[in-house]
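Number of protein chains: 2
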Amino acid sequence: MDPIRIEDPRDPRVAGYLDIRERDLAGRQGRFVAEGKVVLDLLLSSGRLSAESVLVLENRLSGLTEILRKAPADLPVYVVTSTLMDAIAGFHMHRGILAIGRKETPQAAGPLLDALPAQALVVVLIGIANHDNMGSIFRNAAAFGADAVLMDATCCDPLYRKAIRVSVGAALKIPFASFTDSAGFTAMLAERGFEQFALSPRGRTEIRDADPAARLALYLGTEGEGLPESLLDRLHTVRITMSEGFDSLNVAAASAIALHHFSNR
Amino acid sequence: MDPIRIEDPRDPRVAGYLDIRERDLAGRQGRFVAEGKVVLDLLLSSGRLSAESVLVLENRLSGLTEILRKAPADLPVYVVTSTLMDAIAGFHMHRGILAIGRKETPQAAGPLLDALPAQALVVVLIGIANHDNMGSIFRNAAAFGADAVLMDATCCDPLYRKAIRVSVGAALKIPFASFTDSAGFTAMLAERGFEQFALSPRGRTEIRDADPAARLALYLGTEGEGLPESLLDRLHTVRITMSEGFDSLNVAAASAIALHHFSNR
Numbered sequence: 020m021d022p023i024r025i026e027d028p029r030d031p032r033v034a035g036y037l038d039i040r041e042r043d044l045a046g047r048q049g050r051f052v053a054e055g056k057v058v059l060d061l062l063l064s065s066g067r068l069s070a071e072s073v074l075v076l077e078n079r080l081s082g083l084t085e086i087l088r089k090a091p092a093d094l095p096v097y098v099v100t101s102t103l104m105d106a107i108a109g110f111h112m113h114r115g116i117l118a119i120g121r122k123e124t125p126q127a128a129g130p131l132l133d134a135l136p137a138q139a140l141v142v143v144l145i146g147i148a149n150h151d152n153m154g155s156i157f158r159n160a161a162a163f164g165a166d167a168v169l170m171d172a173t174c175c176d177p178l179y180r181k182a183i184r185v186s187v188g189a190a191l192k193i194p195f196a197s198f199t200d201s202a203g204f205t206a207m208l209a210e211r212g213f214e215q216f217a218l219s220p221r222g223r224t225e226i227r228d229a230d231p232a233a234r235l236a237l238y239l240g241t242e243g244e245g246l247p248e249s250l251l252d253r254l255h256t257v258r259i260t261m262s263e264g265f266d267s268l269n270v271a272a273a274s275a276i277a278l279h280h281f282s283n284r
Numbered sequence: 020m021d022p023i024r025i026e027d028p029r030d031p032r033v034a035g036y037l038d039i040r041e042r043d044l045a046g047r048q049g050r051f052v053a054e055g056k057v058v059l060d061l062l063l064s065s066g067r068l069s070a071e072s073v074l075v076l077e078n079r080l081s082g083l084t085e086i087l088r089k090a091p092a093d094l095p096v097y098v099v100t101s102t103l104m105d106a107i108a109g110f111h112m113h114r115g116i117l118a119i120g121r122k123e124t125p126q127a128a129g130p131l132l133d134a135l136p137a138q139a140l141v142v143v144l145i146g147i148a149n150h151d152n153m154g155s156i157f158r159n160a161a162a163f164g165a166d167a168v169l170m171d172a173t174c175c176d177p178l179y180r181k182a183i184r185v186s187v188g189a190a191l192k193i194p195f196a197s198f199t200d201s202a203g204f205t206a207m208l209a210e211r212g213f214e215q216f217a218l219s220p221r222g223r224t225e226i227r228d229a230d231p232a233a234r235l236a237l238y239l240g241t242e243g244e245g246l247p248e249s250l251l252d253r254l255h256t257v258r259i260t261m262s263e264g265f266d267s268l269n270v271a272a273a274s275a276i277a278l279h280h281f282s283n284r
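Each protein sequence line maps, in turn, to chains L and B. The first sequence begins at 20 in the working numbering and counts up one residue at a time. The second sequence begins at 20 in the working numbering and counts up one residue at a time.
Listed below in structure tokens is the structure:
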């Protein structure tokens, strides 16, 4: 692989990296942006996702030799000065390592569940619309060995640039899929032998007393509204006991506590 | 309390709110900025901290009636249009509720520890330099009833605007103090009967098997470097078991797991 020197921010070969922040909002037609060394490594090691190109600061290139060896020989690696990197990205990119990846064809929830092993832990997200929370939940899910993340249609995209960054690449690692009908999805999990737990401040069982199961699904909802009552009625509900007067835990922090409890089985 | 209408962004009465982001970096000489309704409520309810003024969007004022009743009658409440709010703050302030508070005289670690009850949980931070992490750790500390946060000199300021916001006001609620000499501070805790635990990926005991104590201190270090070996040698070390191949947990997520374990005693 020979690095390609780019001298002009309008060079069409780096058009995908132009004005990164604005593009985050407009969308990228099936592509995503990965930032940083750890995330690039995960992208190039991924069996599922592929990179279209890499854009790197000249002084970071030598540190990427090992990682870039994992890439196909024909992957374009563009090299730029710091000034040019900022001119392309539209703001100061101190990390200096970017890549554009191609998303997979969205996977349906059923086939994803069918591919899971006999012992499996899945995270089910309802209405997680904040990219920080999404990224943190993926990071925690990876740390505790979750096998998949399933999301309802109101969740945000885990492959949004910031979500990937906060996940430290876990969003590229853990398979995920979306579903539209929560009731139908719950039935789908039940048919496949999953014990289903929902985290809620009004949960019946303190999380430390909840018995894990070989196949287990953990539902997490938004911080404000929480999970809908209609869903809570059909699931085992678990709570995290908090101090009186400040019963406020970020959903990502709550996911860490619950996943740690259920993962060490 | 009669709200005072402000018409000019250069009005000296709102000078403290000018160019909020730039001011974050330059510092505020003993003052801090609180954002949002929940944080304002905590500031006005605080016995320790006091507000100098409040700046609020005209359409948010009626929602603050209850909260503003907790303020001294002479607290200035400035009311502005959305356009003026943005002109003052220097960016789009969609929350629409700001206040300037006065910091306390920094407290020494010794007197703060002496004021703690017989059963106490304290969080000790070494090198936490990221305001997001600082805010999240304070939020978790409040959620699990920690009595105090103690920080070494390399930690960032918990009363930085973003740290307060991420903490959902917990940074205004939990007493904190700094220390310079870690070894001396550890001795100080030991003299006062604290069992001292340090969270580390190489910890000897899995956190779920760590026995709580009536007086307990939990040390947390930076994500990259972790706690220094010289410190780990003198403390009980605990680990959070993670999945192989992705042993990466954000320090705030780790704090949630550890505080949940130690708080329900």
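Note that CB positions come from ideal geometry on N, CA and C, so glycine has one too. Because the structure is a prediction, the values reported are computed rather than measured.
Contact check, residue i vs residue j, beta carbons under 8 Å
{"i": "L/Phe216", "j": "L/Leu237", "result": "yes"}
{"i": "B/Asp171", "j": "B/Val141", "result": "no"}
{"i": "B/Ile119", "j": "B/Ser65", "result": "no"}
{"i": "L/Ala160", "j": "L/Ala127", "result": "no"}
{"i": "L/Leu254", "j": "L/Leu239", "result": "no"}
{"i": "L/Phe195", "j": "L/Pro220", "result": "no"}
{"i": "B/Phe204", "j": "B/Leu235", "result": "no"}
{"i": "B/Tyr97", "j": "B/Val33", "result": "yes"}
{"i": "L/Leu68", "j": "L/Leu191", "result": "yes"}
{"i": "L/Leu80", "j": "L/Val99", "result": "no"}
{"i": "B/Leu268", "j": "B/Met261", "result": "yes"}
{"i": "L/Ala148", "j": "L/Cys174", "result": "yes"}
{"i": "L/Ala273", "j": "L/Ile259", "result": "yes"}
{"i": "B/Ala90", "j": "B/Met20", "result": "yes"}
Cβ shell of residue i (< 6 Å), same chain only, five flanking positions each side left out
{"i": "B/Ser155", "result": "Val185 and Ala271"}
{"i": "L/Arg211", "result": "Leu132"}
{"i": "B/Gly164", "result": "Ser282"}
{"i": "B/Thr241", "result": "Gly146"}
{"i": "L/Gln138", "result": "Ala233"}
{"i": "L/Ala134", "result": "none"}
{"i": "L/Val143", "result": "Leu169, Ala236 and Tyr238"}
{"i": "B/Arg24", "result": "Val98"}
{"i": "L/Ala277", "result": "Leu218, Ile226 and Leu237"}
{"i": "L/Asp151", "result": "Val185"}
{"i": "L/Gly49", "result": "Lys122"}
Residues near residue i in its chain [Cβ-Cβ closer than 8 Å; skip 5 each side]
{"i": "L/Ile86", "result": "Lys56, Leu59, Asp60 and Leu63"}
{"i": "L/His111", "result": "Asp105"}
{"i": "L/Gly109", "result": "Leu37, Asp38, Ile39, Arg40 and Glu41"}
{"i": "L/Leu28", "result": "The sequence shown places Pro at residue 28 of chain L, rather than the Leu named in the question. So the qualifying residues of the chain are Leu37, Leu103, Ala106 and Ile107."}
{"i": "L/Arg227", "result": "His280"}
{"i": "L/Ile193", "result": "Phe157, Ala160, Ala161, Ala165, Asp166, Ala167 and Val168"}
Residue i (DSSP reduced to helix, strand or coil)
{"i": "L/Ile25", "result": "coil"}
{"i": "B/Ser267", "result": "coil"}
{"i": "B/Leu251", "result": "helix"}
{"i": "L/Glu242", "result": "coil"}
{"i": "B/Arg32", "result": "helix"}
{"i": "L/Arg47", "result": "coil"}
Close beta carbons around residue i, own chain, < 7 Å, minus the five adjacent residues each side
{"i": "L/Gly129", "result": "Met207"}
{"i": "B/Arg223", "result": "Thr256"}
{"i": "B/Ser101", "result": "Leu76"}
{"i": "L/Arg114", "result": "Glu54 and Gly55"}
{"i": "B/Arg47", "result": "none"}
{"i": "L/Ala92", "result": "Met20"}
The region 160 to 177 of chain B: positions lying closer than 7 Å to chain L by Cβ | Of all residues in the region 160 to 177 of chain B, Ala161, Ala162, Phe163 and Gly164 have a Cβ within less than 7 Å of some Cβ in chain L.
Mind pulling the beta strand (DSSP E) runs of 3 or more residues that sit fully within the region 149 to 236 of chain B?
-> 167 to 171, 195 to 198 and 214 to 218, all fully within the region 149 to 236 of chain B.
Alpha helix (DSSP H) segments (min. 4 residues) lying fully within the region 120 to 147 of chain B | Within the region 120 to 147 of chain B, the complete alpha helix (DSSP H) runs of at least 4 residues are 128 to 133.
Complete runs of the beta strand (DSSP E) confined to the region 56 to 131 of chain B [at least 3 residues] = With a minimum length of 3 residues, the continuous beta strand (DSSP E) runs that stay inside the region 56 to 131 of chain B are 69 to 76, 96 to 99 and 116 to 121.
Interface residues of the region 257 to 273 of chain L facing chain B [CB-CB below 9 Å] = Residues of the region 257 to 273 of chain L with a C-beta atom less than 9 Å from some C-beta of chain B are Ile259, Thr260, Met261, Ser262, Glu263, Gly264, Phe265, Asp266, Ser267, Leu268, Asn269, Ala271, Ala272 and Ala273, listed in chain order.
Proximal residues, the region 103 to 123 of chain B versus chain L, C-beta separation under 8 Å | With the criterion set as a beta carbon lying under 8 Å from some beta carbon of chain L, the region 103 to 123 of chain B has no members that meet it.
Contact list for the region 132 to 155 of chain L against chain B, Cβ threshold 9 Å = Residues passing the 9 Å Cβ filter: Asp151 and Ser155.
For the region 37 to 62 of chain L, enumerate the residues whose C-beta is nearer than 7 Å to any C-beta of chain B, in chain order.
-> Residues of the region 37 to 62 of chain L with a C-beta atom less than 7 Å from some C-beta of chain B do not occur.
Residues in the region 180 to 191 of chain B with C-beta within 8 Å of chain L's C-beta atoms, listed in sequence order?
-> When C-beta distances to chain L are compared with 8 Å, the residues of the region 180 to 191 of chain B below that value are Val187 and Ala189, in chain order.
Please list the residues of the region 65 to 83 of chain B that have a C-beta atom closer than 9 Å to any C-beta atom in chain L, keeping them in chain order.
-> Answer set for the region 65 to 83 of chain B: empty.
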